[in-house]
DNA sequence: CGATAGATTGAGTAGGGTCAAAGTTTGTGG
DNA sequence: CCACAAACTTTGACCCTACTCAATCTATCG
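Residue numbers (this note's numbering), protein chains in the order written: chain A, 14 to 274; chain B, 14 to 274.
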């Protein structure tokens with residue numbers, strides 16, 4: 014029973030056998046996305062026999078400056094990419110989830126140019142880059158996968174850029190939460206209660222604002238009931254309705270009409 | 014006479030035959046970079062026989078939403094990437110110069126996700142993506158080239174992100190000019206006088222600030238003699254010393270100590 | 001030589017940064 | 001298991017940077 018039933022007028026009055034909450038198109042898309050990620054991981058496992066390693070919060074997968082040799086794929090867990098420029102600036106420039114690749118930015122320079130730091134326990138697969146190149150020659154679908162992953166990373170970076178450049182602080186935080194929830198949803202995980210495993214300082218650094226502003230933004234979003242905090246602790250965040258968060262972000266744009274010229 | 018002469022103490026007193034201004038390590042690096050770009054283009058021309066097209070300011074190379082089929086490489090000219098989100102926000106998300114690839118972000122989605130608009134006359138090479146994949150199988154060095162280009166794009170996007178997130182407006186504009194000059198230098202072009210071929214509005218949009226702020230920042234930089242305007246018109250910008258611009262950007266960081274925590 | 005797109009500059013304002021003081025968690029060692 | 005310390009979070013007050021609105025000036029192109 015996958016197709017949506019377009020409201021038969023004479024619905025049964027008792028809520029007991031109420032059909033499950035509308036399985037939306039999004040749910041379908043998410044399920045497909047999740048499946049694709051699983052298949053991609055299987056393809057990697059099959060063709061490359063990657064070296065698996067269990068990692069826990071705080072572990073470093075690679076560090077800026079090290080000679081580039083491997084790409085990594087997250088089989089599970091969450092990871093942040095920290096870029097530190099020559100002059101000492103430090104910034105979280107990316108967040109990675111199951112199925113995401115790590116280390117692409119090292120290819121061009123022959124060295125890793127950021128630190129990949131684990132934020133939540135998981136398993137990471139190491140893939141020798143030279144072996145990958147060789148395998149790509151034999152398996153065109155593998156090359157497609159790699160290109161798609163790199164292309165996707167470029168896409169996501171641009172979305173971040175857009176968010177940072179065009180959204181006010183509150184909306185940026187809302188968009189961040191929406192994006193995180195979205196990432197979970199695409200991997201078949203529930204999104205009504207997410208645990209960020211990042212400090213306010215890290216979030217702020219990622220979004221280009223101070224930790225105080227993040228804290229205030231979260232408080233304001235909570236006041237509007239767009240998010241809510243569980244009784245104990247404020248690290249976990251409840252998102253009653255991702256759609257409303259999305260709508261909020263939209264609303265922040267309409268007044269300003271942020272087109273060029 | 015390419016190697017640098019390490020100051021013989023008894024230098025001739027007359028300035029007439031003064032050895033040319035010190036050819037720095039940077040110059041060397043730039044020459045190598047320029048050569049690499051040339052060689053990459055030759056490799057492409059040799060292995061892929063790309064379709065060449067002369068383009069002029071305002072031309073569109075591809076548009077958001079079109080089915081993805083080709084990648085493009087700029088043989089000359091300058092090009093901007095305009096991303097427009099579903100909700101109508103529009104942003105310049107990238108600038109491309111000779112040797113740069115266009116269209117990577119379309120691979121993941123099967124459609125182009127931004128507009129590529131020419132800003133300065135040049136020649137663009139169109140490369141069918143399927144032909145490229147096939148050729149990559151036959152020519153490993155070609156695959157290396159493509160990966161390097163994608164990796165480089167990821168790198169540059171992150172640098173932009175960093176600049177937007179950690180620099181105040183004036184420094185961001187300075188950094189933008191530095192980057193532009195650097196792009197020219199890497200291609201063997203002179204950098205003391207650059208012509209931006211972008212309006213203040215476009216620059217501001219790219220840097221995440223208003224056109225007024227760009228204008229004011231340029232005026233302030235000019236007041237400090239970090240840049241200068243030629244007598245007629247303010248579209249061209251003179252950069253007497255890129256190093257001083259770079260130093261200025263640095264100075265903006267020291268007071269704040271922008272590390273995490 | 002007007003018309004129009006673009007650039008500059010000023011005045012006023014507000015969003016977000018800085019600094020500071022509590023309040024909460026979390027973790028560690030007795 | 002409790003107590004204390006360290007790390008993290010929240011909230012307030014103040015201020016500054018960059019945005020908005022507006023007027024003026026400059027280039028460019030019919």
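Using N, Cα and C, we set each Cβ at its ideal position, and we do this for glycine too. Predicted model only: the values in this text are computed from it and were never measured.
| Asked | Found |
| --- | --- |
| Min CB distance residue 10 (chain A) to chain B below 7 Å | Residue 10 (chain A) is absent from the model: chain A starts at 14 and stops at 274. |
| Contact list for residue 74 (chain B) against chain A, beta-carbon separation under 9 Å | Those within 9 Å of residue 74 (chain B) in chain A number zero; the least Cβ separation is about 17 Å. |
| Where the beta strand (DSSP E) through residue 106 (chain B) begins and ends | 103–109 |
| Straight-line gap, residue 85 (chain A) to residue 94 (chain A) (C-alpha atoms, nearest Å) | 12 Å |
| Length at least 3, wholly inside the stretch 154–212 of chain A: the beta strand (DSSP E) runs in chain order | 206–208 |
| The stretch 236–252 of chain B contacting the stretch 200–214 of chain B, beta-carbon criterion three pairs below 8 Å | yes |
| Local conformation of residue 56 (chain A) per DSSP, three classes | helix |
| Ranges of the alpha helix (DSSP H) found wholly within the stretch 216–243 of chain A, counting only runs of at least 4 | 224–236 |
| 7 Å Cβ cutoff, residue 274 (chain B) in contact with chain A | Interpretation of residue 274 (chain B) is limited by its pLDDT of 40, a score under 50 that renders its predicted location unreliable; no figure is taken from the coordinates. |
| Contact set for residue 132 (chain A): own chain, Cβ-Cβ below 7 Å, skip 5 residues either direction | 70, 91, 92, 93, 210, 211 |
| With 16 other Cβ atoms within 10 Å as the buried cut-off, status of residue 6 (chain A) | One cannot answer for residue 6 (chain A) here, as it falls past the ends of chain A, which runs 14 to 274. |
| C-alpha distance - residue 243 (chain B) paired with residue 180 (chain B), whole-angstrom precision | 27 Å |
| Whole-angstrom distance between residue 52 (chain B) and residue 200 (chain B), CA atom to CA atom | 12 Å |
| Per-residue DSSP class, three states only, for residue 251 (chain B) | strand |
| For residue 69 (chain B), three-class secondary structure by DSSP | coil |
| Residue 76 (chain A), DSSP secondary structure in three states | coil |
| Listed by chain order, chain A residues near residue 120 (chain B) by CB distance under 7 Å | 160, 161, 164 |
| Cβ distance (whole Å) where residue 75 (chain B) is taken to contact residue 116 (chain B) below 8 Å | 6 Å |
| Chain A contacts from the stretch 177–188 of chain B (Cβ-Cβ distance under 9 Å) | 177, 178, 179, 180 |
| Beta carbon proximity, residue 216 (chain B) to chain A, threshold 7 Å | no |
| Test item: CB-CB of residue 79 (chain B) and residue 125 (chain B) under 7 Å | yes |
| Among B:101, B:98, B:263, B:172, the one whose alpha carbon lies nearest that of residue 183 (chain B) | B:263 |
| Closer than 8 Å at the beta carbon, the chain B residues around residue 263 (chain A) | 100 |
| CB contact check: residue 255 (chain A) to chain B, cutoff 7 Å | no |
| CA-to-CA distance, residue 58 (chain A) to residue 148 (chain A), given in whole angstroms | 12 Å |
| Beta-carbon proximity list for residue 97 (chain B), same chain, < 7 Å, skipping 5 on both sides | 77, 103 |
| Where residue 265 (chain A) falls, given that 16 or more other Cβ within 10 Å makes a residue buried | buried |
| Any non-hydrogen atom of the ligand ATP closer than 6 Å to residue 120 (chain A) Cβ | This structure lacks the ligand ATP, and indeed carries no ligand of any kind. |
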